[in-house]
Amino acid sequence: MTEDDGGSVAQVDERPCTCCLKKEDHQSNCSQCRRRSLNSSLPSSSSSCSLLSFESYPVQDYDKLWRVYTASVKGFSIGAGLKGGLALFSFLSRLRRRRSLPSSKKLEMASTSEDVILALKETLRYGLFLGAFAGTFVSVDEIIAALGGHRRTAKWRSLLAGAIAGPSMLLTGLNTQHTSLAIYILMRATVLASRWGIKSEKFGRICKPLTWAHGDIFLMCLSSSQILSAYILKQGSLPPSYKSFLNKHGAKDSVILQGVREIACGMPFKNLGAIEKYYKSIGVDVKLDPEMKIPCSIIHGNQSCGTHFLLFLLQAYKRALPVYLPVYLIPALIVHRQGLLKRPHTILWKGLFGTARSSLFLSMYCSSAW
């Protein structure tokens, strides 16, 4: 080791050490080699500027901080991007609907500026929620791993980190309940737990029914029976947003739903006159039989079942396209933005194909229901 006249700069001799250790023990036992190894593991001054100036942190600590930072930024961008994109499409649809309404109805709707402010607030809230959730999860995960050991805490570390990160949903609004979002997250967690159970030796036999070839179709049938029964018989049990979604894509007036509800419950008809009046308002002349057992004329008007199915399918497909277009294209622009520059045709094609397929599913579902 040499020192200049000022005594301020110390330089390490780069010549190989002259210790007489064996080759395999040389690196681990020689103090000079250990010192060189430690110095080489620290970021150099030339690269520290590009690493947000974490000069005092070892590389491993910097990687952990970078993981927390990256998770928070990605969570915020995904949450704000998805919610903002959906809010943009919703705002444009409301703006288009407002233009087609008479002036008396426009006064009852919120102004354009109020819609913009609400959309910005929701976008920021969901961005903060996902950013805080991801950042808290990764932070707790890294802290537990550092204190308790990576392998020893592997089985329960993520469970505790997720439980601590869960209250970040409060950032979406203290006075607003997001039951649908919580149920969706619970269902995603259930799917992940079921996949783990299938691969587990201990719970594999219990989760074996989940591996049935058409088990997903069976679950879809159960869900459909619950959705349609609640939509027709107990609309008050549905959240307002989901009720509005079903009313839009179900595309049946409330008086028609009331007639179907009465015949489904075995109740005497009370609003056949209102149903006939509704059909007359859209240019259809229908005479309803109070003794009917199957409500075809209530639902289909003067159309046959097959004709109504085909016409309703085309109309439902047009209604479904604006719903799924942002669902597929916005994630492609946010999550796959780097791949979009490399292979734009492939990613855009997948987005358009997914939009067309999901729209066909929703339109077929609604058409089959009627």
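No gaps in the numbering here: position 15 of the sequence shown is 15 in the UniProt record's numbering, and each next residue is one more.
Ideal placement from N, C-alpha and C gives every residue a C-beta, glycine not left out.
All values derive from a computational prediction rather than experimental measurement.
Span of the alpha helix (DSSP H) holding residue 195? Counting along the chain, the unbroken alpha helix (DSSP H) around residue 195 starts and ends at 179-199.
What whole-angstrom Cβ distance do residue 295 and residue 259 have, given they're in contact under 8 Å? In this structure residue 295 is in contact with residue 259, their Cβ atoms being roughly 6 Å apart against a cut-off of 8 Å.
Fully enclosed by the region 215-259, which alpha helix (DSSP H) runs are 4 residues long or longer? 215-233 and 240-250
Could you give the first and the last residue of the continuous alpha helix (DSSP H) run that contains residue 306? In this chain, the alpha helix (DSSP H) harbouring residue 306 covers 305-334.
What number of angstroms, rounded off, separates the C-alpha of residue 86 from the C-alpha of residue 137? 26 Å
Can you list, in chain order, the residues of its chain whose CB lies under 7 Å from that of residue 162, leaving out five sequence neighbours each side? Only 137 meet the Cβ criterion.
Are the region 268-285 and the region 301-316 in contact at 8 Å, needing three or more beta carbon pairs? yes
Taking only three categories from DSSP, how would you classify residue 291? coil
How far does the alpha helix (DSSP H) with residue 344 in it reach, from first residue to last? 344-369
Given residue 88 as reference, the closest of 120, 249 and 79 once Cα atoms are compared: 120
Just to check my reading of the structure: residue 321 and residue 359 have Cβ atoms closer than 8 Å, yes? What is that Cβ distance to the nearest angstrom? Rounded, the Cβ-Cβ distance is 5 Å, consistent with contact.
Do residue 173 and residue 125 count as a contact pair if the criterion is CB distance below 8 Å? yes
Local conformation of residue 169 per DSSP, three classes: helix
May I ask you to report which of helix, strand or coil DSSP gives residue 141? helix
Is residue 176 helix, strand or coil when you go by DSSP? coil
Inspect the CB distances between the region 222-229 and the region 189-201 and report whether three or more fall short of 8 Å. no
Which same chain residues end up closer than 8 Å to residue 169 when comparing Cβ atoms and leaving out the 5 residues on each side of it in sequence? 129, 133, 178, 181 and 182
Kindly indicate the opening and closing residues of the alpha helix (DSSP H) around residue 273. 272-281
Assuming residue 296 is part of the alpha helix (DSSP H), what are its boundary residues? First-last of the alpha helix (DSSP H) with residue 296: 296-300.
Residue 71 in three-state terms, based on DSSP: helix
Excluding the 5 residues preceding and the 5 following residue 52 in the sequence, name in chain order all residues of the same chain whose CB lies nearer than 7 Å to its CB. Caution is warranted here: a pLDDT of 36 is assigned to residue 52, below 50, making its placement in the model unreliable, and no coordinate value can be reported.
Using the C-alpha atoms, what's the distance from residue 317 back to residue 95? 21 Å
Cα separation between residue 217 and residue 362? 15 Å
With a Cβ-Cβ cutoff of 8 Å, do residue 79 and residue 135 count as a contact? no
Between the alpha carbons of residue 352 and residue 339, how many angstroms are there, rounded? Those two C-alpha atoms are separated by around 16 Å.
Could you give the distance in angstroms between the alpha-carbon of residue 93 and the alpha-carbon of residue 205? 49 Å
Can you tell me the Cβ-Cβ gap for residue 355 and residue 325, rounded? I've got them flagged as a contact below 8 Å. Their Cβ separation, rounded to whole angstroms, is 5 Å, which keeps residue 355 and residue 325 in contact under 8 Å.
Quick one, are the C-beta atoms of residue 142 and residue 64 less than 8 Å apart? yes
Run through DSSP, which three-state label would residue 151 get? Correct three-state label for residue 151: coil.
Using the Cβ count rule (16 or more neighbours within 10 Å means buried), how would you classify residue 81? buried
Residues in the same chain with beta-carbon distance under 8 Å from residue 233, minus the five sequence neighbours each way, listed in chain order, please. 261, 264 and 265
Here's a check: name, in chain order, each residue in its chain whose Cβ is nearer than 7 Å to the Cβ of residue 243, leaving out the five neighbours to either side. 235
Nearest by alpha-carbon distance to residue 297: which of 313, 314, 276 and 336 is it? For residue 297, the nearest C-alpha among the options comes from 276.
Proximity to residue 193 [Cα-Cα], best of 223, 158, 220 and 67: 158
Taking the alpha carbon of residue 269 as the reference point, which residue from 280, 253, 279 and 291 has its own alpha carbon closest? Of the candidates 280, 253, 279 and 291, the residue whose Cα lies closest to the Cα of residue 269 is 291.
In whole angstroms, what is the alpha-carbon distance linking residue 72 and residue 66? 10 Å
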